[in-house]
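A short write-up of the structure that comes next.
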Amino acid sequence: QEYLDFRKERSRMLLSRRNQLLLEFSFWNEPRPRQGPNIYELRSYKLKPGTMIEWGNNWARAIKYRQENQEAVGGFFSQIGELYVVHHLWGKGCHPGGTPSLGGSGCQSCPLPTAYRDLQSREETRNAAWRKRGWDENVYYTVPLIRTMESRIMIPLKISPLQ
């Protein structure tokens, strides 16, 4: 009964809803549980029709620049629903009790995956990626494939394994 009451109340707040069936890009890391508290950035791209293979080929090369520090949490593309939609989930930070790296964007010698601690660590991590030789070139080739893009900052619920 509690769930039914919740659904009824929620329906008063919803203006619209859409569903997608997503598949994971084979070249991305599989999302793994992370300790928190952290924040994540979800970047969503609507691509021009017919460009998914080119997008995937470019990102298969580009992702290595962001996987070194386990910043790349997950990469997905739509299979059912609106097609030619790509989602990238990013995060980087330091665990409680960990030793922050220079710039505060990760943990030194820490085997556990991390996420962004705050918006400042997100900015520092993104700026560090732009300083890596080759990252800008890979991004340059994907920009013409994009129709629209959106960035959202996400705070995990307590039940989420991605804290």
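If you're matching positions, the sequence shown starts at 1 in the UniProt record's numbering and goes up one per residue. All residues carry an ideal CB built from backbone N, CA and C; glycine is no exception.
query	result
Only counting the same chain, and skipping five residues up and downstream in sequence, which positions put a Cβ closer than 7 Å to that of M52?	F77 and Y84
Step through the CB atoms of chain B and report whether any lies within less than 8 Å of the CB of L21.	Going by chain labels, chain B is absent from the structure shown, which holds only one protein chain.
Grab the span of the beta strand (DSSP E) containing K64 for me, first residue to last.	Taken as a continuous stretch (DSSP letters only), K64 belongs to no beta strand (DSSP E), being part of the alpha helix (DSSP H) at K64 to Q67.
In whole angstroms, what separates the C-alpha of C94 from that of G36?	Note that C94 has pLDDT 48, beneath the 50 cutoff, so the model's placement of it is unreliable and the number below is only indicative. Those two C-alpha atoms are separated by around 9 Å.
Mind pulling the beta strand (DSSP E) runs of 3 or more residues that sit fully within the segment 107–163?	146–154
So, helix, strand or coil for E82, using DSSP?	coil
Between E2 and R10, what straight-line distance do the alpha-carbon atoms span, to the nearest angstrom?	12 Å
Could you compute how far the alpha carbon of N38 sits from the alpha carbon of E71?	12 Å
Just list the residues that DSSP pairs F27 with in beta bridges.	Answer is none; F27 lacks a bridge partner.
S16 by DSSP, collapsed to three states: which one?	coil
Give the range of the beta strand (DSSP E) segment to which R34 is assigned.	Taken as a continuous stretch (DSSP letters only), R34 belongs to no beta strand (DSSP E), as it is neither H nor E.
Can you check which of these residues, M154, L22, E124 and R131, is closest to Y65 by C-alpha distance?	R131
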